[in-house]
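Student: Numbering (my numbering), first residue to last: 33 to 560.
Don't be surprised by glycine CBs; every beta carbon is placed ideally from N, CA and C.
Nothing here was measured: the structure is a model prediction, and the numbers come from that model.
If you scroll down you'll find the structure; I have some questions about it.
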RNA sequence: GCCCCCAUCGUCUAGUUGGCCUAGGAUUCGAGAUUCUCAUUCUCGCGACAGGGGUUCGAAUCCCCUUGGGGGUACCA
């Protein structure tokens with residue numbers, strides 16, 4: 033009887049980074065565990081000592097934690113204010129469970145399900161070459177040591193050859209399995225060879241260690257990539273040899289890169305999840321997006337919370353076809369989440385990118401100012417990392433880009449417009465330029481919306497009053513407002529895009545506005 | 001080579017027991033509206049049941065073949 037409480041696990045090997053594919057597998061296990069009210073276990077399969085590294089382990093733990101895939105049991109790990117892991121079925125590192133594997137291996141050896149193999153790697157390779165040469169439909173171990181006599185074995189031992197342990201696969205047997213995703217599948221064991229369970233020296237290999245652990249940890253459902261499908265057959269046979277029932281298996285299709293091939297290191301899709309974090313992808317967006325890779329939340333909604341996902345999730349509904357990774361939609365999703373945040377939330381999330389980019393201590397010194405600055409870009413970014421670059425014109429005099437320079441030259445009178453406008457702004461009570469103390473201006477005025485701008489008694493020129501004055505100015509000067517705005521924005525920000533012009537003027541403050549309006553056109557002309 | 005799996009707009013998908021599908025949503029792309037630019041928002045549009053055979057009164061939905069993809073075939077996981 034399978035354990036009554038649903039128990040799922042994600043069992044990565046710390047031999048590389050955690051990419052979106054692995055994260056999705058972890059997520060589906062996590063979601064199913066939560067959906068069923070069971071436990072989510074994290075187990076580290078570190079038996080490949082040559083390739084396992086602590087760095088990889090850290091990336092995996094942190095990546096999972098970042099995405100909010102909290103594990104009930106497994107390695108203990110602190111992330112922000114929470115501690116994950118622990119549990120009564122440990123240890124959760126396979127290299128700490130060697131005695132368990134040895135004990136089970138002994139059992140299998142005694143029952144005849146396993147046998148010692150003394151073949152050298154060279155001989156194995158030779159066998160394979162010969163098989164290939166004669167185009168054998170079967171490639172794999174030939175069972176050379178499958179039926180060694182005691183004498184033969186003793187002879188090998190005397191030579192000092194350390195054997196590995198192989199699993200004695202049934203010959204030509206049809207194994208019928210029910211996969212939660214694939215349905216009924218039949219596999220003939222003649223495709224499979226007697227695979228190695230334990231290396232010479234006692235470190236187990238995947239298919240063996242995995243079964244011992246799934247058994248010991250009372251795992252009820254195994255959700256993993258379809259590359260493990262045949263492993264599922266091998267593992268099922270080990271469970272049977274042990275007289276145990278195997279868990280439910282669900283083999284999900286892989287995530288494909290944009291060309292339809294396997295995810296490779298050079299594809300953006302295979303960045304570590306921590307790289308996504310470091311590039312300013314909101315974790316909710318990444319979570320939401322990868323949930324959609326192979327699974328549909330509903331017919332008419334793509335954006336949902338993690339609780340909603342847990343509520344709706346069923347492995348049976350995961351598609352059978354591989355899904356291609358689409359950066360465009362991920363980026364859209366990121367923008368979608370950023371726009372849904374409050375401005376304060378955005379500011380808090382952006383801190384990590386703002387602090388290193390801004391002058392020392394700037395953020396802490398004038399939070400209201402930066403709150404306004406950031407608010408102007410909430411609808412204009414998809415990744416948090418874009419913020420410093422977008423805001424740079426505020427503290428560094430911008431070099432007009434090509435499009436902006438063009439706007440500055442477009443009208444013959446532009447230079448005059450700018451200097452006249454500088455005179456106008458000079459007469460207005462603009463807030464002082466950053467980093468000077470801007471008084472209460474930033475507290476009183478909330479950008480980019482002018483809805484909650486204060487009334488006429490505000491001692492500062494607000495975007496609304498600046499706009500009114502500007503419109504009046506262009507009207508008397510006989511300048512078309514639409515034409516006027518472009519060179520001004522170009523002079524002030526160096527680009528032809530961005531926030532409303534009067535938000536720009538308000539944020540920039542008096543001195544910077546005057547400097548740029550009076551200086552930039554000269555510099556542009558001199559460089560052309 | 002052999003084995004297994006898959007197949008709806010460019011992409012992610014809805015379509016669960018065949019009829020309500022002249023195939024729905026999202027994204028991308030195109031057009032328009034709003035507007036000081038960009039962005040947001042809104043409206044409209046382009047765009048798919050891989051092909052061929054069946055079964056059936058009726059198929060995107062069931063069966064077969066072909067084609068096309070993916071995976072496996074380790075002393076990796």
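If we count Cβ pairs, one from each stretch, closer than 8 Å, do we get three or more for the segment 518 to 535 versus the segment 438 to 449?
Tutor: yes
Student: Going by Cα to Cα distance, which pick from 329, 305, 391, 253 is closest to residue 43?
Tutor: 253
Student: Measuring only the C-alpha atoms, how far is residue 349 from residue 322?
Tutor: 15 Å
Student: What three-state label does DSSP hand residue 115 in the structure shown?
Tutor: strand
Student: Give the DSSP-derived three-state secondary structure of residue 229 in the structure shown.
Tutor: Note: residue 229 maps to strand in three-state DSSP.
Student: According to DSSP, what are the bridge partners of residue 125?
Tutor: 76
Student: Helix, strand or coil for residue 282 per DSSP?
Tutor: strand
Student: Just how far apart, CA to CA, sit residue 65 and residue 416?
Tutor: Rounded to whole angstroms, the gap between the alpha carbons of residue 65 and residue 416 is 31 Å.
Student: Check this for me: beta carbons of residue 1 and residue 443, under 8 Å apart or not?
Tutor: What the structure shows of the chain is the stretch from 33 to 560, and residue 1 is not part of that stretch, so it cannot be assessed.
Student: Please return the same chain residues whose Cβ sits closer than 8 Å to the Cβ of residue 33, not counting the five positions on each side in sequence.
Tutor: Its pLDDT being 49, under 50, residue 33 is placed unreliably in this model, and the coordinates cannot settle the point.
Student: Beta carbon of residue 200, beta carbon of residue 227: below 8 Å?
Tutor: no
Student: In the DSSP assignment, what residue or residues form a beta bridge with residue 254?
Tutor: 281
Student: Of the choices 369, 418, 478, whose alpha-carbon is the least far from that of residue 403?
Tutor: 478
Student: Indicate, with yes or no, if the ligand HEM has a heavy atom lying under 7 Å from the CB of residue 416.
Tutor: Looking for the ligand HEM in the displayed structure turns up nothing, as the structure carries no ligands at all.
Student: Got a sec? Which residues, its chain only, sit under 8 Å from residue 115 by beta carbon, not counting five neighbours each side?
Tutor: Around residue 115: 108, 109.
Student: Residue 36 to residue 68, Cα distance in whole Å?
Tutor: 11 Å
Student: For the candidate residues 150, 47, 378, 270, whose alpha-carbon lies nearest to that of residue 178?
Tutor: Closest by alpha carbon: 150.
Student: The alpha helix (DSSP H) that contains residue 145, what's its start and end?
Tutor: No alpha helix (DSSP H) holds residue 145; DSSP gives it neither H nor E.
Student: For residue 264, I'd like the list of residues in its chain whose CB is within less than 6 Å of its CB, leaving aside the five on either flank, ordered along the chain.
Tutor: 281
Student: What first and last residue would you give for the alpha helix (DSSP H) that runs through residue 196?
Tutor: Segment 196 to 199 is the beta strand (DSSP E) holding residue 196; no alpha helix (DSSP H) there.
Student: Would the segment 306 to 317 count as touching the segment 84 to 99 if we require 3 or more Cβ pairs under 8 Å?
Tutor: Touching, yes, given that three or more Cβ pairs across the two stretches are closer than 8 Å.
Student: Suppose contacts are defined by Cβ-Cβ distances below 8 Å. Is residue 531 in contact with residue 480 by that definition?
Tutor: Cβ atoms of residue 531 and residue 480: closer than 8 Å.
Student: What does a CB cutoff of less than 6 Å around residue 538 pick up in its chain, not counting 5 residues either side in sequence?
Tutor: 495
Student: Taking 8 Å as the threshold (C-beta atoms), are residue 433 and residue 527 in contact?
Tutor: yes
Student: Could you tell me which of 106, 60, 549, 408 sits nearest to residue 329, measuring between CA atoms?
Tutor: 60
Student: For a quick check, are the C-beta atoms of residue 76 and residue 124 less than 8 Å apart?
Tutor: yes
Student: Quick test of your reading: residue 461 and residue 493, contact by CB under 8 Å. State the CB separation rounded to the nearest angstrom.
Tutor: The distance from the Cβ of residue 461 to that of residue 493 is about 5 Å, consistent with a contact at the 8 Å cut-off.
Student: Quick one: give me the first and last residue of the alpha helix (DSSP H) that residue 220 is part of.
Tutor: Careful: residue 220 lies outside any alpha helix (DSSP H), inside the beta strand (DSSP E) at 215 to 220.
Student: Excluding the 5 residues preceding and the 5 following residue 196 in the sequence, name in chain order all residues of the same chain whose CB lies nearer than 7 Å to its CB.
Tutor: 149, 228, 230, 231, 232
Student: CB-CB under 8 Å to residue 549, same chain, minus the five flanking residues each way: which ones, in chain order?
Tutor: 450, 451, 453, 454, 457, 520, 523, 524
Student: Helix, strand or coil for residue 274 per DSSP?
Tutor: coil
Student: Over what stretch of residues does the beta strand (DSSP E) that includes residue 211 continue unbroken?
Tutor: 206 to 211
Student: Give the DSSP-derived three-state secondary structure of residue 109 in the structure shown.
Tutor: strand
Student: Distance check for residue 353 and residue 257, CA to CA, integer angstroms please.
Tutor: Each residue's alpha carbon lies about 12 Å from the other.
Student: How would you write the range of the alpha helix (DSSP H) that residue 338 sits in, first residue to last?
Tutor: Where residue 338 is concerned, the enclosing alpha helix (DSSP H) stretches over 338 to 344.
Student: According to DSSP, is residue 325 part of a helix, a strand, or is it coil?
Tutor: Reduced to three states, the DSSP call for residue 325 is coil.
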